[in-house]
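Engineer: Numbering of the sequence shown is given in UniProt numbering, commencing with residue 1 and proceeding in unit increments. Just so it is clear, CB atoms sit at the ideal spot from N, CA and C, and this is done for glycine as well. Computed from a prediction, not measured in an experiment: that's the story for all the values here. Before I ask anything, here is the structure I am working with.
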Amino acid sequence: MQRILSFDIGIKNLAYCFLSNVPNENADIKSDDVILDWRVIDLMQHPEIPPSSLPTARCTCSVGNIPKKKQSTVVPRVCGKVAKFTHTGTQDFYCETHAKSHSTPTNGWLIPKKVFERSQLNKLNRERLEALVLGYKIPVAASPKPTKKIYIDLLCEHFQRVCFQPICANGTNGANGTSAAPILNSKQTDLITLGRNMILHLDKQTMLHEQPPTHVILENQISTVASRMKTVQGELTMYFLMRFPEAHIEFISSKNKLKGFEPPTALSDASASLPMNQNAKYKQHKHDAVLYTQQWMNKHPKMKVWEPYMLESKKKDDLCDCFLQGMWYKNLQVS
Numbered sequence: 001m002q003r004i005l006s007f008d009i010g011i012k013n014l015a016y017c018f019l020s021n022v023p024n025e026n027a028d029i030k031s032d033d034v035i036l037d038w039r040v041i042d043l044m045q046h047p048e049i050p051p052s053s054l055p056t057a058r059c060t061c062s063v064g065n066i067p068k069k070k071q072s073t074v075v076p077r078v079c080g081k082v083a084k085f086t087h088t089g090t091q092d093f094y095c096e097t098h099a100k101s102h103s104t105p106t107n108g109w110l111i112p113k114k115v116f117e118r119s120q121l122n123k124l125n126r127e128r129l130e131a132l133v134l135g136y137k138i139p140v141a142a143s144p145k146p147t148k149k150i151y152i153d154l155l156c157e158h159f160q161r162v163c164f165q166p167i168c169a170n171g172t173n174g175a176n177g178t179s180a181a182p183i184l185n186s187k188q189t190d191l192i193t194l195g196r197n198m199i200l201h202l203d204k205q206t207m208l209h210e211q212p213p214t215h216v217i218l219e220n221q222i223s224t225v226a227s228r229m230k231t232v233q234g235e236l237t238m239y240f241l242m243r244f245p246e247a248h249i250e251f252i253s254s255k256n257k258l259k260g261f262e263p264p265t266a267l268s269d270a271s272a273s274l275p276m277n278q279n280a281k282y283k284q285h286k287h288d289a290v291l292y293t294q295q296w297m298n299k300h301p302k303m304k305v306w307e308p309y310m311l312e313s314k315k316k317d318d319l320c321d322c323f324l325q326g327m328w329y330k331n332l333q334v335s
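Dropping the structure here:
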């Protein structure tokens, strides 16, 4: 019996579909395709620390006073909204509104923007960087002549010092002496952490260990375009080489998952009449993947039970991508 584990590579959204088959009651039909497991894993999240278990940081800014009954004293009223930022050198938390109101020319505090990041500053020429340094009144030695790298380093140090620091919505509260955790996106989280979280997540999936996969297929990543994704693909490959050494592992081109499907006539005619850029094509393929998955499930009752789960998911497109890739491989490669 073939058990195919199909992966759509991602960091926040590592999706997999675990496919197999069961004997059919009809003697004329050999077996029915079934889904053993189907889920999306967030590699940035440690599996032992669910987000809901952490307290929520609240804005500590004062919004007036509350008079105490029968007393002449008043107590400060705090905002209490979910905090979005903190700032170096202060224990206060700020919601988006109060962060903007505290960002003034007097203190020089800034709301963080993408243009303040080193990756964006690297794209600017020396003259533009010099203008920014002068505009933010950052002191710089006149001799030797500052290079582009010096300007970038000065700007990064300045922005790190004056910018608000984003915090997680579930960051810890400063009242207990701990600081809120900074938000790390998929580009900032180091690959070692991602690899360790991957091991912990996959080790917890009991279905994989109770019924070991015979085939593991991974959507192949183009290293020149998505080097981090290629590394995640490599980490995932090593996991299965170590945990399931007997499994056949194969990298699959992303173009294969939509093979064998034809869009509805109306959709096909509309698409043919309009020029589409790469982004539009990508969105159309994501939409098509959901449509084709539903078409497939309508023909296979034992898979139909998973349809509500798929439709309710916020990442249904990733679920459908790994499903269609697995079904394409199962029907054309191992059948």
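Which residue from I41, Q294, P47, A15 puts its Cα closest to that of L311?
Structural biologist: Considering only alpha carbons, the answer is Q294.
Engineer: Measuring straight from C-alpha to C-alpha, what distance separates K12 and Q45?
Structural biologist: Spanning the two alpha carbons is a distance of roughly 8 Å.
Engineer: Counting along the chain, where does the beta strand (DSSP E) carrying F7 start and finish?
Structural biologist: From DSSP, the beta strand (DSSP E) with F7 extends over 4-8.
Engineer: H158 and Y136: beta carbons closer than 8 Å?
Structural biologist: The answer is yes: Cβ separation under 8 Å.
Engineer: What are the start and end residues of each continuous alpha helix (DSSP H) run of 4 or more residues lying completely inside the segment 108-151, in chain order?
Structural biologist: 118-121, 126-135, all fully within the segment 108-151.
Engineer: Mind checking which residues open and close the alpha helix (DSSP H) that includes F323?
Structural biologist: Run containing F323: 316-329, per the alpha helix (DSSP H) assignment.
Engineer: Determine the closest residue to D190 out of P213, E219, V232, L155, with distance taken between C-alpha atoms.
Structural biologist: D190 has its Cα closest to that of V232, out of P213, E219, V232, L155.
Engineer: For T86, which beta-bridge partners are listed by DSSP?
Structural biologist: According to DSSP, which records beta bridges pairwise, T86 is partnered with F93, Q165.
Engineer: Let me check understanding here. Comparing Cα to Cα, which of F164, G80, N220 lies closest to V63?
Structural biologist: Selected option, being the one with the closest Cα: G80.
Engineer: Along the chain, where does the alpha helix (DSSP H) that runs through F240 open and close?
Structural biologist: Here the alpha helix (DSSP H) through F240 covers 227-243.
Engineer: Comparing alpha-carbon positions, which option in V162, E117, L124, V140 lies nearest T106?
Structural biologist: Selected option, being the one with the closest Cα: V162.
Engineer: Give the secondary structure of D32 by DSSP, where H, G and I count as helix, E and B as strand, and everything else as coil.
Structural biologist: Three-state result, D32: strand.
Engineer: DSSP on S254, reduced to helix/strand/coil?
Structural biologist: S254: helix per DSSP, three-state reduction.
Engineer: Could you check whether F116 and A99 sit closer than 8 Å to each other, using their CB atoms as the reference points?
Structural biologist: No, they are not a contact pair.
Engineer: Looking only at its own chain, which residues have a Cβ that is under 6 Å from the Cβ of V34, when we skip the five neighbours before and after it?
Structural biologist: Correct list, in chain order: S20, V22, K302.
Engineer: For G326 and Y94, I'd like the C-alpha separation in whole angstroms.
Structural biologist: Roughly 46 Å separates the two Cα atoms.
Engineer: With distances taken Cα to Cα, identify the nearest neighbour of E250 among T224, G234, I217.
Structural biologist: When only C-alpha atoms are compared, the closest one is I217.
Engineer: Run through the DSSP bridge pairs and tell me what F18 is partnered with.
Structural biologist: Partner(s): L5, D37.
Engineer: Using DSSP's beta-bridge definition, name the partner residues of E48.
Structural biologist: E48 is not bridged to any residue.
Engineer: In the DSSP assignment, what residue or residues form a beta bridge with S313?
Structural biologist: Beta-bridge pairing links S313 to no other residue.
Engineer: With C-beta atoms as the reference, is residue 337 less than 8 Å away from L43?
Structural biologist: An answer regarding residue 337 cannot be provided, because it is not within the stretch 1 to 335 covered by the chain.
Engineer: Going by the beta-carbon positions, is the gap between Q205 and D318 smaller than 8 Å?
Structural biologist: Contact: no.
Engineer: Could you please give the first and the last residue of the uninterrupted beta strand (DSSP E) stretch that includes H215?
Structural biologist: Segment 215-219, the beta strand (DSSP E) holding H215.
Engineer: With a 10 Å radius around its C-beta and 16 neighbouring C-beta atoms as the bar for buried, classify V305 as buried or exposed.
Structural biologist: It is exposed - the Cβ of V305 has fewer than 16 other Cβ atoms within 10 Å.
Engineer: Using beta-carbon positions only, say whether H215 and A247 come within less than 8 Å of one another.
Structural biologist: Contact flag set, yes.
Engineer: Out of curiosity, what's the CA-to-CA distance linking C156 and N185?
Structural biologist: Straight-line Cα distance between these residues: approximately 18 Å.
Engineer: In chain order, what residues of the same chain have a beta carbon less than 7 Å from the beta carbon of V140, not counting five sequence neighbours either side?
Structural biologist: Closer than 7 Å at the Cβ level, and outside the excluded window around V140, lie V133, P146, L154.
Engineer: Quick check on the DSSP output: the alpha helix (DSSP H) that includes G195 runs from which residue to which?
Structural biologist: Note, G195: alpha helix (DSSP H), 191-203.
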